[in-house]
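The structure under discussion appears below in the form of C-alpha cells.
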Amino acid sequence: MHEFDAATQAIADEVFELLRELVALDPTPLNGTIKPNEVAALARPMINETGNDPAAVLELFTSVLAPAVIRADSPRFLAWIPSAPTKASMLFDAVVSLASISGVSWIESAGAVWAENEALRFIADLAGMPEGAGGTFVQGGSAANLSALAVARDTGRRRLGDNRRRVRFAITVDTHSSVRNTMHLLDVAPLLVPLVDDRLTGGALAEALDSCDDPASVCAVVANAGSTNAGLVDDLAGIARICDDRNLWMHVDAAYGGGALLAPSARGQFAGIERSDSLVIDPHKWLYAPLDCAALLYRDPSLARSVHGQHAAYLDSVNEQTGGWNPGDYAYQLTRRARGLPFWFSLAVHGADAYRDAVEHVLEITRGAAERIRGLPHLELLREPELSVVLFRRIGWDAVQYAAWSDQLMRDHEALVVPTRWHDETVARLAFLHPGTTLEIVDEILATTH
Ligand SMILES: Cc1ncc(COP(=O)(O)O)c(C=O)c1O
Numbered sequence: 021m022h023e024f025d026a027a028t029q030a031i032a033d034e035v036f037e038l039l040r041e042l043v044a045l046d047p048t049p050l051n052g053t054i055k056p057n058e059v060a061a062l063a064r065p066m067i068n069e070t071g072n073d074p075a076a077v078l079e080l081f082t083s084v085l086a087p088a089v090i091r092a093d094s095p096r097f098l099a100w101i102p103s104a105p106t107k108a109s110m111l112f113d114a115v116v117s118l119a120s121i122s123g124v125s126w127i128e129s130a131g132a133v134w135a136e137n138e139a140l141r142f143i144a145d146l147a148g149m150p151e152g153a154g155g156t157f158v159q160g161g162s163a164a165n166l167s168a169l170a171v172a173r174d175t176g177r178r179r180l181g182d183n184r185r186r187v188r189f190a191i192t193v194d195t196h197s198s199v200r201n202t203m204h205l206l207d208v209a210p211l212l213v214p215l216v217d218d219r220l221t222g223g224a225l226a227e228a229l230d231s232c233d234d235p236a237s238v239c240a241v242v243a244n245a246g247s248t249n250a251g252l253v254d255d256l257a258g259i260a261r262i263c264d265d266r267n268l269w270m271h272v273d274a275a276y277g278g279g280a281l282l283a284p285s286a287r288g289q290f291a292g293i294e295r296s297d298s299l300v301i302d303p304h305k306w307l308y309a310p311l312d313c314a315a316l317l318y319r320d321p322s323l324a325r326s327v328h329g330q331h332a333a334y335l336d337s338v339n340e341q342t343g344g345w346n347p348g349d350y351a352y353q354l355t356r357r358a359r360g361l362p363f364w365f366s367l368a369v370h371g372a373d374a375y376r377d378a379v380e381h382v383l384e385i386t387r388g389a390a391e392r393i394r395g396l397p398h399l400e401l402l403r404e405p406e407l408s409v410v411l412f413r414r415i416g417w418d419a420v421q422y423a424a425w426s427d428q429l430m431r432d433h434e435a436l437v438v439p440t441r442w443h444d445e446t447v448a449r450l451a452f453l454h455p456g457t458t459l460e461i462v463d464e465i466l467a468t469t470h
C-alpha cells in the first residue's frame, strides 16, 4: 500500500482525473440531499477483507456519494453560513494532504508554521492587533472559541486568586451556540446582557455588571463581530472601554463576519476589534479558504501557552527547543493539519486586493438583494443588512409554509435557503458569501415566494 508501483500509478491517474474535473466545476452545482434509506439503496458496502477495484470505489463516490452532498461552495448555497474557497486554495489543500505535515511544533513543521504565521499576521493586521499577537489555525470557529475561552476563564480565575472559582462570561441571546456549549464544557455561567437594537453595547454591558450580584465573578465578555443569524456587529469600541475599565477579557467572535474587515465599506463597523484579547476569524467562511480552517489569535499568546501547553516526557524535545513557534501551545489540540496553508497559498497567489474586491462585491449583492425585497409588496425586509445576511418576511406565511418553500427550493436544486427565527417569528434568511451569487439567482429565489 505504501509503494508507488503500477497499481498506485493507476489509482493516481484516476484520482488526478477526478481532481481535474472537480476543480473545473464552474459554477459549482448545488446537488441535493437524500434520505438515509435512499443512499443505502443506491450504495453497496465497500469495506471487506480483500478490497475492491479502485475504479469501482471511485465510481460509487462520483455517481452516488458526491451527488448526495450539498456543496457549500455553490453560489446557490445561501443557508446557515456558506463556504466559497478559491480554486487555488482547494488545489493547495490537495498538496497539503500529500505533504504529510503534522503542524504541532516548529521542530517538525517549521516551513508550514512560518507560512501559517504569515497568514495569521495578515489577519491580525486586518484587525489592528499589536505586533506581539499570535496564535494558530484550528478546525473551526467552535474549536477556536473553546480554546480562546479556556484561556479567558483561567486568566480570570488567576486574577481572582482562585483556580477553581466558578466564573461568568457576559454574553447575549445572539452569542453563537458554540460559545454556549463551550461555557457548559468549561463550567462557566452566563451573565445575560440585554440587546440594544439587536446588539451588545458598552452601556448595556456596564449596566448589567453594575446591577448583577457578584460582578467580580464576571471575567470575560464575548462580543459578536458578525452575528450568525443577522450579520450584526456589536458595539466593539464601547465594549472594549468597559473591558479596560473593569479588567475583563474581551473575546471577539468574528468567525463569520471577520472577512468583512477587508471591505472599506464595512470596516468602520469593527472599530474596537483591535482591542480584543482573543479573536476568532474563520477563513473557511468569508476568507475563501476550504473547510476546515479557523484563525485563533491572542493579544498575549503567553497566556494561551500557560493554559494549552502540553507537558510530557516525550514532548520535552519540543518544549525545550527555543526560538520557534509551536502551534500546539495555542489550542487544546496537539496533532494538527496545517490547515492555514491553503489560505496562505491562495492569498499569496491572488493578493489582498482580489480578496477585498470579492468581499465588497458580496456586500453589494447583499444590498442589491435587500433592494429587490423592498420592491416586492408581498415581502418585508426586516432590517437593513449590515454585513451579508438578509432577513425578510413573506407576508402571510407561517412556519410550515416557510419550511415547504425551503424544501421545494432544495428539491428543485434551485437554492439552499432555510428559514430562521427573528424576534420569535419564523422568517426567511439569505446568507451571502460567494462572489458568484448573482442578483439573477436572487430574483429566481424571490420569484418562488409568490
Ligand atoms: C459567529 C460564529 N461563531 C462560531 C461559529 C462556529 O464555527 P464552526 O462552524 O466553524 O465551528 C459560527 C458558525 O457559523 C459562527 O457564525
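Residue numbering for the sequence shown is 21 to 470, as defined by the working numbering. Here a beta-carbon is modelled for each residue, glycine too, at the ideal position from N, C-alpha and C.
query: beta-carbon ALA433 near ligand 1 non-hydrogen atom, thresh 7 Å; result: Checking the sequence, you will find His at residue 433 rather than Ala. Every heavy atom of ligand 1 is 7 Å or more from the Cβ of HIS433, so no.
query: LEU402 and LEU411 closer than 8 Å at C-beta; result: yes
query: DSSP three-state assignment for CYS263, whether helix, strand or coil; result: helix
query: Residue closest to TRP269, alpha-carbon to alpha-carbon, out of ASP297, THR48, SER247; result: ASP297
query: THR468 versus GLY279: straight-line alpha-carbon distance, rounded; result: 30 Å
query: Proximity test, HIS196 beta-carbon vs ligand 1 heavy atom, cut-off 7 Å; result: yes
query: ASN244 in three-state terms, based on DSSP; result: strand
query: Limits of the unbroken beta strand (DSSP E) element including TYR318; result: 314–318
query: ALA144, enclosing alpha helix (DSSP H) - first and last residue; result: 126–147
query: GLY71 CB to nearest heavy atom of ligand 1 below 7 Å; result: no
query: Three-state secondary structure (DSSP) of MET270; result: strand
query: Residue environment, ASN165, which counts as buried when at least 16 other CB atoms sit within 10 Å; result: buried
query: Limits of the unbroken alpha helix (DSSP H) element including SER197; result: 197–206
query: Beta-carbon spacing of ALA378, LEU450 below 8 Å; result: no
query: Any non-hydrogen atom of ligand 1 within 7 Å of SER162 CB; result: yes
query: Where the alpha helix (DSSP H) through ALA286 begins and ends; result: 284–287
query: Cβ shell of VAL84 (< 6 Å), same chain only, five flanking positions each side left out; result: LEU62, ALA63
query: 3 or more residues per run - each beta strand (DSSP E) lying fully within the segment 284–370; result: 298–301, 314–318
query: Buried or exposed (CB count within 10 angstroms, at least 16 for buried), MET203; result: buried
query: Neighbourhood of GLU380 by C-beta distance below 7 Å, restricted to the same chain and skipping five residues each side; result: ALA283, SER285
query: Whether SER109 touches ALA92 by CB criterion (8 Å); result: no
query: Proximity to GLU34 [Cα-Cα], best of LEU78, TRP442, LEU45, ASP194; result: LEU78
query: Those residues which DSSP pairs with TRP442 across a bridge; result: GLU445
query: Distance cut-off 7 Å: THR342 Cβ against heavy atoms of ligand 1; result: no
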